[in-house]
Structure formats: C-alpha cells, structure tokens
Amino acid sequence: MSDIVFRKENGVYEIELDRPSKKNALTESMYIELNNGLLEAEADPEVRVVLIYGQPFCFTAGNDLKDFVENPPLTNDAPTFVMLRTMANFVKPIVLAIDGPAVGIGTTICLHADLIYCGESSRFQLPFARLALVPEFASSYLLPRLTGHVKAFELLVLGEPFDAQTAKQIGMVNEVLEDEHYITAAKQKALDLAALPAEAVQESKRLLKRPVLAAINETLIEEASVFSRLLVSPAAKEKFAAFLKK
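Mapping of the sequence shown onto our numbering: residues 1 to 246, in sequence order.
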C-alpha cells in the first residue's frame, strides 16, 4: 500500500500524505513517490495546480528518523534531495493545506509553496540543531528573507514550536482557519487558480521567483553537503538513538 494518494480533477493534482499512523512521517520511498508525482503533474498539460495536504490534525511529523538512520541521504542524488530540487524549481503553483504537526520539512515546504491555508491546530517546528543537523530545503536562505536574521536564527537554531497565528504573522501562511474549514478553503483556492489562464499564472510565478532561484539552488546544494556530513556524526547518531528509544 502506498503512503501517498494522488488524484487529478478539474485541473488540480492532489497529493495526500496518507500515513497517519506515523503522523505522515516521510520515508525514502515517500520522497521517491512525491518526486514522481510532481514530475507527472508538471508534464501533464491538464494539470494547472498542485495541492498537498495530510489529514485533519496531521500534516507531517517530518522525516521518519528510523528510516533516516537506515537510508541516510548522503549524496546529492539521494531521493530526499532530488525531491527538494524538483519542488524548488516547480513551474506550476503549489497550494498547501496544513493542520496539526508540521515539523522539519513540514515547515520548510511552506517556503516553496505559493498559497498556504492552515487549521488553527497547526504546530510548526524546525528542530534541526536539536538533532545535531542543519536547516534544509534552502530554509537557511529563504527564512531570513521572510523574517529577518534574528527571528530566522531563533526558529532554525533554537527550534522551538510555533503556532498557526505566528506563522501568519511572519508571512509564512496566507490564512488561519478553523480546523474543519482549512481543507475546504485550500481546495477552493486551488480551483480558483486552476480556472485562471495557465500561462499567465506560471509566468507570474516564474517572474516572482526569478531573482532568487539561482540562490535557492546554490543553497540547496550547500545545505545538502553539510546536512549529509552531520547526519553521520556522533552527535547526530546520539540524538537519533535517544529519540528512537522513546
């Protein structure tokens, strides 16, 4: 059984993370599926928009640490890093619907989406340094541009959780809704985007990202290099072992 469900309807390509028993924690095989789904959506002329979501009270707990230990992404062509580059360079608009935990990549993915709607129970966290790691998904470049250095340092290095209203205040999400309404709102916005002229939407996204895309790709490579090195460090192994014992 796949841990990701793909649907296509009315120009919207839906990607549902569907591993709720593990809080949608991402494994290497899920990164491969995500990458393949994004490539399929990008190549399909009928697809105008991609919508990514989990379940109410469960977006994603981040990377599955047990899988990370067993299948560490140690090279630039590891499935994890391949998917990050695919999404960072994706030409069609991406809409996110978030509720519950959005940890690690569950937060950094917001920096690459175009519209984001979250439930009031959303909880974001970037616990990289707590795991003896460094930021990923170009967050070390994009988050300071959004919040300024000191706030980005606080979020990326102290790694304390923050709520949906804080995410809205720093410009990370568009709107915070009641938990029962966030997914409906996100799906409606995806349909609204899909109804617009596709070339105008895609060219608008390209123009918005053009000034920063080269720096994003350069940061992705640099972060991956340091992340991979620290991933096998004694400090990271100790942190992972302690987490897995819980």
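Using N, Cα and C, we set each Cβ at its ideal position, and we do this for glycine too.
For residue j and residue i, believed in contact at Cβ under 8 Å, the rounded distance
| i | j | result |
| --- | --- | --- |
| residue 4 | residue 18 | 6 Å |
| residue 24 | residue 59 | 7 Å |
| residue 1 | residue 35 | The Cβ separation is near 19 Å, so there is no contact. |
| residue 138 | residue 42 | Wrong, their Cβ atoms sit about 19 Å apart, outside the cutoff. |
| residue 140 | residue 80 | Going by Cβ atoms, the distance from residue 140 to residue 80 rounds to 16 Å, so no, they are not a contact pair. |
| residue 262 | residue 198 | There is simply no residue 262 to check, as the chain begins at 1 and stops at 246 in what is shown. |
| residue 221 | residue 88 | Going by Cβ atoms, the distance from residue 221 to residue 88 rounds to 11 Å, so no, they are not a contact pair. |
Under 9 Å between C-beta atoms of residue i and residue j
| i | j | result |
| --- | --- | --- |
| residue 193 | residue 49 | yes |
| residue 158 | residue 236 | no |
| residue 155 | residue 111 | no |
| residue 26 | residue 63 | yes |
| residue 128 | residue 104 | yes |
| residue 74 | residue 239 | no |
| residue 176 | residue 120 | yes |
| residue 72 | residue 108 | no |
| residue 10 | residue 225 | no |
| residue 145 | residue 212 | yes |
| residue 244 | residue 66 | yes |
| residue 78 | residue 228 | yes |
DSSP bridge partner residues for residue i (one or two, in chain order)
| i | result |
| --- | --- |
| residue 249 | The structure shown does not extend to residue 249, since the chain is modelled only from 1 through 246, so no value can be given for it. |
| residue 9 | 12 |
| residue 63 | 26 |
| residue 175 | 117 |
| residue 77 | According to DSSP, which records beta bridges pairwise, residue 77 is partnered with nothing at all. |
| residue 162 | 124 |
| residue 202 | None, per the DSSP bridge assignment. |
| residue 53 | 16, 97 |
| residue 58 | 55 |
| residue 4 | 17 |
Neighbourhood of residue i by C-beta, 6 Å cutoff - its chain only, sequence neighbours within 5 removed
| i | result |
| --- | --- |
| residue 61 | 23, 25, 101, 103 |
| residue 162 | 124 |
| residue 114 | 93, 94 |
| residue 147 | 170 |
| residue 297 | Absent from the structure is residue 297, since the part of the chain shown begins at 1 and ends at 246. |
Own chain, CB closer than 8 Å to residue i, minus 5 neighbours either side, in chain order
| i | result |
| --- | --- |
| residue 179 | 56, 57, 99, 119, 120, 121 |
| residue 230 | 132, 133, 134, 236 |
| residue 205 | 91, 92, 93, 114 |
| residue 44 | 8, 13 |
Same chain, Cβ closer than 7 Å to residue i, neighbours up to 5 away in sequence not counted
| i | result |
| --- | --- |
| residue 182 | 97, 99, 117, 118, 119 |
| residue 47 | 8, 11, 13, 41, 92 |
| residue 86 | 35, 38, 39 |
| residue 151 | 170 |
| residue 30 | 3, 4 |
Beta carbon proximity, residue i to chain B, threshold 9 Å
| i | result |
| --- | --- |
| residue 4 | Considering every chain present, this structure includes no chain B. It has just one protein chain. |
If contact is defined by three or more beta carbon pairs under 8 Å, each pair taking one atom from either stretch, is the segment 49-66 in contact with the segment 85-100?
The segment 85-100, when compared against the segment 49-66, does touch it at the 8 Å Cβ threshold.
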